[in-house]
Amino acid sequence: MTNSPNVTSYHPDLIVEEAKNGWRIIRLNRPKSLHALDESIVVALLQVFEEFHTDDAVKAIWFDSTTPKAFCAGGDVRKLRQLVINQEVDTAKRFFEKEYALDLLLHNYAKPILVWGEGYVMGGGLGLFMAAPFRLVTPYSRLAMPEINIGLYPDVGASRFLADRGPIGLFTGLTGSIMTAAGAYIIGWATHICDAQRDNVLNKVVNIDWSHYPAGDFRAIDDTLNSLHRPVGPGPLQNSLDVIHSVCRGVDFEQDYQSIIGLIDARSDWLRQASENLQKGSPSTAAITWLLWQWGKKVHAWEEVFKLEAQISDWKIRHPDFVEGVRARLVDKDLSPAWKDTQDLSLKGILGDNPPVTTIQSWNDLLKHYGII
Numbered sequence: 001m002t003n004s005p006n007v008t009s010y011h012p013d014l015i016v017e018e019a020k021n022g023w024r025i026i027r028l029n030r031p032k033s034l035h036a037l038d039e040s041i042v043v044a045l046l047q048v049f050e051e052f053h054t055d056d057a058v059k060a061i062w063f064d065s066t067t068p069k070a071f072c073a074g075g076d077v078r079k080l081r082q083l084v085i086n087q088e089v090d091t092a093k094r095f096f097e098k099e100y101a102l103d104l105l106l107h108n109y110a111k112p113i114l115v116w117g118e119g120y121v122m123g124g125g126l127g128l129f130m131a132a133p134f135r136l137v138t139p140y141s142r143l144a145m146p147e148i149n150i151g152l153y154p155d156v157g158a159s160r161f162l163a164d165r166g167p168i169g170l171f172t173g174l175t176g177s178i179m180t181a182a183g184a185y186i187i188g189w190a191t192h193i194c195d196a197q198r199d200n201v202l203n204k205v206v207n208i209d210w211s212h213y214p215a216g217d218f219r220a221i222d223d224t225l226n227s228l229h230r231p232v233g234p235g236p237l238q239n240s241l242d243v244i245h246s247v248c249r250g251v252d253f254e255q256d257y258q259s260i261i262g263l264i265d266a267r268s269d270w271l272r273q274a275s276e277n278l279q280k281g282s283p284s285t286a287a288i289t290w291l292l293w294q295w296g297k298k299v300h301a302w303e304e305v306f307k308l309e310a311q312i313s314d315w316k317i318r319h320p321d322f323v324e325g326v327r328a329r330l331v332d333k334d335l336s337p338a339w340k341d342t343q344d345l346s347l348k349g350i351l352g353d354n355p356p357v358t359t360i361q362s363w364n365d366l367l368k369h370y371g372i373i
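Set out below in structure tokens:
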């Protein structure tokens, strides 16, 4: 594969290559930060994907990173925290707006996008992953929305894609639990599991003979990936399904909260870790995650999902839990965040003094329904 002169330097941390048969390869290249996203790289990705969308020479896109350790571990939250501290909240807001514009573009993309999700696929990385129709994982993949640990919340479309997965999605959002390939596949986060080397899989797809597939390009890719798919044995998620459904019912916030924390004595390490994450996590994150799941259960267009998330993100980064959560986990690394005091662990007790009111009526109605406003 050679660099094409017309698709080269969009960004120093992005490699864009032209492959045969109308394929383009886009590679994140920030290995030191596990390919974390900042505004500049998101803007560059937006430009690349917009150009490819309208370029008739481009048939399909392969999207990955330069290292097997991670596809993308999420947004550069340390940078966002510093912007908030420097009172540059508008710049931080702009990052979310650009990120959601990219996610929305990918959700509505007319051409096939295939994401190779090896290693860590988390936060903003999972948002990109979930926006593509072909989502490959390997036995080394680890997927999560771990925002409970840093006082943010599961965004990048998770308001819908967690709700789409019922109680499992709610549990995942509240606990930041890590999915293996088996778990990601069983709940539809991943479309295929591949144990072959990345370059072998890439070689297979770029050599697809499109003319053999009158049913179209998506069918051609799907058939090729189905031939490479290798199921794996059940992971911790499958072994915990009954427990998840019993502790996470999505009817009463306090009940779900206390039931998950009660798993601290579970036999499974995975369930104990989930309990600990929620217990030590940000109460405001837990509350907003539970409410967004309720909102997401009613079907909303992706445009509306990202419109709401842009407003919730603006509210959340101004909330003291965000600056403190990132400090404790990623800056000072003492793992001892001092979360904002709450009156009690009810939705109103956590959010009532600073409710996340938006311009979206269906969300505000939900806040009224639960007595928050």
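Take the sequence shown: its position 261, counting from 1, is numbered 261 in UniProt numbering, and each next residue is one higher. Beta carbons are placed, not taken as given, at the ideal position from N, Cα and C, and that holds for glycine.
Original post:
Is there contact here, the segment 191 to 200 with the segment 221 to 231, by at least three beta-carbon pairs under 8 angstroms?
Top reply: yes
Subject >> Neighbour-count burial assignment, Lys-20, 16 or more Cβ in a 10 Å radius >> reply: The residue labelled residue 20 in the question sits at position 20 within the sequence shown. Burial call: exposed.
**OP:** Specify the secondary structure class of Leu-14 as computed by DSSP and reduced to three states.
**Re:** Here residue 14 corresponds to residue number 14 of the sequence shown, with the count starting at 1. Leu-14 falls in the strand class under three-state DSSP.
Original post:
Would the beta-carbon of Lys-348 fall within 7 angstroms of that of Ile-373?
Top reply: The sequence position of residue 348 within the sequence shown is 348, counting from 1. The sequence position of residue 373 within the sequence shown is 373, counting from 1. Not a contact, by the Cβ cut-off of 7 angstroms.
Original post:
Just to check, is the beta-carbon of Cys-248 closer than 6 angstroms to a non-hydrogen atom of the ligand COA?
Top reply: The model depicted lacks the ligand COA and carries no ligand whatsoever.
**OP:** Could you check what DSSP says for Met-179 in three-state terms: helix, strand or coil?
**Re:** Reading the sequence shown from its first residue, position 179 is the one you call residue 179. In this structure, Met-179 counts as strand in the three-state DSSP scheme.
Original post:
DSSP on Trp-339, reduced to helix/strand/coil?
Top reply: Along the sequence shown, read from residue 1 onward, the residue named residue 339 stands at position 339. Looking at Trp-339 - three-state DSSP - the assignment turns out to be coil, as it is neither helix nor strand.
Subject >> Extent of the continuous alpha helix (DSSP H) run through Arg-24 >> reply: By one-based count along the sequence shown, residue 24 stands at place 24. Element bounds for Arg-24: not the alpha helix (DSSP H) but the beta strand (DSSP E), 23 to 28.
**OP:** Determine contact between the segment 250 to 260 and the segment 311 to 319, defined as no fewer than three beta-carbon pairs at a distance below 8 angstroms.
**Re:** Verdict: no, contact absent.
Subject >> Proximal residues to Leu-351 (C-beta, below 6 angstroms), its chain only, five neighbours per side dropped >> reply: Along the sequence shown, read from residue 1 onward, the residue named residue 351 stands at position 351. For Leu-351, where only same-chain residues beyond five positions count, the Cβ hits under 6 angstroms are Ala-287 and Ile-372.
**OP:** Report yes or no: do the segment 148 to 157 and the segment 205 to 213 share at least 3 C-beta pairs separated by less than 8 angstroms?
**Re:** no
Subject >> Outcome for residue 376 when other beta-carbon atoms lying within 10 angstroms are tallied against a minimum of 16 >> reply: Nothing can be reported for residue 376, as the shown portion of the chain is limited to 1 through 373.
Original post:
Residue range of the alpha helix (DSSP H) that Val-100 falls in?
Top reply: If you number the sequence shown from 1, residue 100 lands on position 100. In the sequence under discussion, the amino acid at residue 100 is Tyr, which differs from the Val named in the question. Counting along the chain, the alpha helix (DSSP H) containing Tyr-100 begins and ends at 89 to 107.
**OP:** State yes or no: is the beta carbon of Leu-34 nearer than 7 angstroms to at least one beta carbon in chain D?
**Re:** Included in the structure is just one protein chain, with no chain D present.
Original post:
When the Cα atoms are used, what is the spatial distance from Trp-295 to Leu-366?
Top reply: The count along the sequence shown starts at 1 and reaches residue 295 at position 295. The count along the sequence shown starts at 1 and reaches residue 366 at position 366. Using only the alpha carbons, I get a separation of about 7 angstroms.
Subject >> 4-residue-minimum alpha helix (DSSP H) runs that sit fully inside the segment 117 to 146, ordered along the chain >> reply: 124 to 130
Original post:
Just checking my contact of Phe-129 with Phe-52 at CB under 8 angstroms: how many whole Å lie between their CB atoms?
Top reply: Here residue 129 is taken as the residue at index 129 of the sequence shown, counted from 1. Here residue 52 is taken as the residue at index 52 of the sequence shown, counted from 1. Their Cβ separation, rounded to whole angstroms, is 18 angstroms, which puts Phe-129 and Phe-52 out of contact at 8 angstroms.
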